[in-house]
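These protein sequences, in sequence, are chains D and E. Residue numbering for the first sequence follows my numbering, beginning at 1 and increasing consecutively. Residue numbering for the second sequence follows my numbering, beginning at 114 and increasing consecutively. Note that CB positions come from ideal geometry on N, CA and C, so glycine has one too. Down below is the structure, laid out as structure tokens.
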Amino acid sequence: KAGVTQTPRYLIKTRGQQVTLSCSPISGHRSVSWYQQTPGQGLQFLFEYFSETQRNKGNFPGRFSGRQFSNSRSEMNVSTLELGDSALYLCASSSAQAVYGYTFGSGTRLTVV
Amino acid sequence: DQQVKQNSPSLSVQEGRISILNCDYTNSMFDYFLWYKKYPAEGPTFLISISSIKDKNEDGRFTVFLNKSAKHLSLHIVPSQPGDSAVYFCAGRETGNQFYFGTGTSLTVIP
Chain D
1 KAGVTQTPRY LIKTRGQQVT LSCSPISGHR SVSWYQQTPG QGLQFLFEYF SETQRNKGNF
61 PGRFSGRQFS NSRSEMNVST LELGDSALYL CASSSAQAVY GYTFGSGTRL TVV
Chain E
114 DQQVKQNSPS LSVQEGRISI LNCDYTNSMF DYFLWYKKYP AEGPTFLISI SSIKDKNEDG
174 RFTVFLNKSA KHLSLHIVPS QPGDSAVYFC AGRETGNQFY FGTGTSLTVI P
């Protein structure tokens, strides 16, 4: 059973640009969550999608957005990049109630210069 | 709002001894908790969970204890092995909502 796939693995962008990250969940998982990991801040919740609908949203500015497609694949977009957006972005998929928690992808390392 | 806190950024333990990682939470509505382990350049992997109706859950060398009155949980690893060296995150959630993660504790097991 394939795991959660995130692309690309690494990305370097310039301040002010926008970026789109992609996540393919485990087959059969309909919930996809996105987290930002920075040193000292742990994993900060961005948003969760379930059946193409945003179910929960964290405390991030509107520059961070996401969507989920009918095949459960999800994308995350960050517009007008800032230096502070440099982080590891993790996608996690789960069954409906996440009874066994999430399965995380390896993440996309975004560096904003 | 940091609803889950791991106050020890790092911990070093001798191989074969017990590792105890601690986690505190503020939301009394949390009903499910998880521990994850993360190696560098990899995503976190699920380790063990506990429901709020229990106070202990054991899986091999890993045991999680939950003290609801103190809003505290801990992960015990016995015996500790060098391969356990990683960053450990605890997480809690209220049913229907997202998981809130702590900032992580970096465990080093010294051979």
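Asked, Found
"Using a Cβ cut-off of 7 Å, which residues of the region 81 to 98 of chain D contact any Cβ in chain E, in chain order?", "L90"
"Closer than 8 Å, CB to CB, is F50 (chain D) near chain C or not?", "The structure shown contains no chain C; the protein chains it does contain are D and E."
"If you compare alpha carbons, which of E:A154, E:T176, E:I131 is closest to L186 (chain E)?", "E:T176"
"Within a Cβ cutoff of 7 Å, which residues of the same chain sit near V117 (chain E), ignoring the five residues on either side of it in sequence?", "C136, Y138, C203, A204, G205, Y213, F214, G215"
"L43 (chain D) versus chain E: which residues are under 7 Å apart at the beta carbon?", "F202, F214"
"Residues of the region 152 to 171 of chain E with a CB closer than 8 Å to any CB of chain D: list them in chain order, please.", "A154, E155, G156, P157, T158, F159, S162"
"What does a CB cutoff of less than 7 Å around Q17 (chain D) pick up in its chain, not counting 5 residues either side in sequence?", "L81"
"Could you name the residues of chain D that L147 (chain E) contacts, counting a contact when the two beta carbons are closer than 7 Å?", "G101"
"Of all the options D:T38, D:K13, D:R9, D:F47, which has the alpha carbon lying nearest to the alpha carbon of N210 (chain E)?", "D:F47"
"Which partner residues does V191 (chain E) have in the DSSP bridge list?", "Bridge partners of V191 (chain E): none, in fact."
"Using a Cβ-Cβ distance under 8 Å, would Q211 (chain E) count as near chain D?", "yes"
"Buried or exposed for K157 (chain E), please, with buried defined as at least 16 other CB atoms from any protein chain shown within 10 angstroms of its CB.", "Strictly speaking, residue 157 (chain E) in this sequence is Pro, with Lys absent from that position. Answer is buried; the Cβ neighbour count reaches 16."
"How would you label V4 (chain D), buried or exposed, when you count the other beta carbons within 10 angstroms and need 16 or more for buried?", "buried"
"What does G28 (chain D) reach in chain E if we use C-beta pairs closer than 7 Å?", "Simply none; closest approach about 17 Å."
"Since I believe E207 (chain E) is in contact with D168 (chain E) (beta carbons under 8 Å), could you give me their beta-carbon distance rounded to a whole number of angstroms?", "That belief does not hold up - the Cβ atoms of D168 (chain E) and E207 (chain E) are roughly 19 Å apart, past 8 Å."
"Assign D172 (chain E) to one of three DSSP states: helix, strand, or coil.", "strand"
"Which residues in the same chain as L188 (chain E) place their Cβ atom closer than 6 Å to its Cβ, once the five residues preceding and following it in sequence are excluded?", "L134, W148, V177"
"Assuming S219 (chain E) is part of the beta strand (DSSP E), what are its boundary residues?", "218 to 223"
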